[in-house]
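K.L.:
Residue numbers (our numbering): 2 to 335. Can you keep this structure in mind? I'll have questions shortly.
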Ligand code: UT7
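Laid out in structure tokens, this is it:
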């Protein structure tokens, strides 16, 4: 048995900054409401004249992660790509990464677990490495939300939250099983699928049905029961972090850095208070990027590492909750 460890991190955010004031010109919202309820000041949205997509942004982040890992693209044995906004209905973005980066004809797997997508993706990669099947796995989280949001007042409860971006890491074999990813913990509760959903287009509600129907009946924009999701998020985040700590005989005092999914600053602050973490034991960047769903944890992890906030030997905890519902955590000895 082996462990896996992160040996390279990369992120890519589109340059185009959309402020809360910019949004208030599109819909009935305002900077005060958005900052007070979510903590978000601005987000990045891919501009109309850009060629960026989830796959393209994912490839840009992955290129940096591979360069920083000291490996070459030919060393990559497998790709895991997490997104809820793939370029195509099918095939998934993973195969596009193989092509865009000119990787060997390695396997490519797409993970569809929304805000928990990166947690699920890195867990899958970890299992492949632990069993010895692969040595170096490229794990990517990327989202292109802005092209699929309702930018009228009707969509304001959701649209102001989401941003575009991508992050990636190279996960590699670690012979010392006291280091690297110590454990991962994954959960779901499908009875709440309709609380945060894009219901169509889907095989259930295909395009002709959408065209014929009243747009109000079948929404092709994300729907979220925000308050309901919020209440479940704070409970599940806490549970799954505790589960990970207990599995490794750790306590909350052992957390050196918590990287929570960037859903809402108030959720992160609730967790911080509950686990009695100092400001330097939790990393948030939702203020700058909004909620980038499957990309958020890996963008935040990359940024924390770039800022020198993660050091060798520290316990780093990743955690996420979102649509599905799905939730999970990863306990790392860096
Ligand atoms: O990442 C995946 C998981 N997602 C989450 O964890 C998100 C969880 N939920 C949330 O973060 C929060 O519920 C939201 C930020 C989405 C909403 O905050 P809230 O405090 O729950 O507000 P609300 O939805 O209860 O809306 C309160 C009021 C409503 O007006 P009335 O009915 O009180 O008159 C909304 O119509 O705020 C109104 N509102 C807005 N006003 C200005 C909703 N969106 C906006 C907006 N600007 N963008």
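Beta carbons: idealized from backbone N, C-alpha and C, even for Gly.
Check residue 82 in the structure and name its three-state DSSP category.
P.N.:
Assigned with DSSP and collapsed to three states, residue 82 falls in strand.
K.L.:
Considering residue 107, what are the terminal residues of the beta strand (DSSP E) in which it resides?
P.N.:
No beta strand (DSSP E) holds residue 107; DSSP gives it neither H nor E.
K.L.:
Count the other CB atoms within 10 Å of the CB of residue 277; is the residue buried (16 or more) or exposed (fewer)?
P.N.:
exposed
K.L.:
Is any non-hydrogen atom of the ligand UT7 found closer than 7 Å to the C-beta of residue 52, if you look at the structure I gave you?
P.N.:
no
K.L.:
How would you call residue 11, buried or exposed, if buried means at least 16 neighbouring beta carbons within 10 angstroms?
P.N.:
buried
K.L.:
Excluding five sequence neighbours on each side, which residues of the same chain lie with their C-beta closer than 7 Å to the C-beta of residue 183?
P.N.:
249, 332, 333, 334
K.L.:
How is the beta strand (DSSP E) around residue 240 delimited, first residue to last?
P.N.:
Per DSSP, residue 240 belongs to no beta strand (DSSP E); it is in the alpha helix (DSSP H), 227-248.
K.L.:
By alpha-carbon positions, which one of 272, 185, 190 ends up nearest to residue 245?
P.N.:
185
K.L.:
Does the beta-carbon of residue 91 have 16 or more other beta-carbons within 10 angstroms, so that it is buried, or is it exposed?
P.N.:
exposed
K.L.:
Nearest by alpha-carbon distance to residue 44: which of 287, 243, 305, 302 is it?
P.N.:
287
K.L.:
Spatial neighbours of residue 224 within its chain, please: C-beta separation below 6 Å, excluding the five flanking residues on both sides.
P.N.:
198
K.L.:
Output the distance between the C-alpha atoms of residue 266 and residue 14, rounded to the nearest integer angstrom.
P.N.:
19 Å
K.L.:
Under the three-state reduction of DSSP, which class applies to residue 317: helix, strand or coil?
P.N.:
strand
K.L.:
Is the segment 92-107 in contact with the segment 58-65, if contact means three or more CB pairs nearer than 8 Å?
P.N.:
In short, these stretches touch, since the Cβ pair count reaches three.
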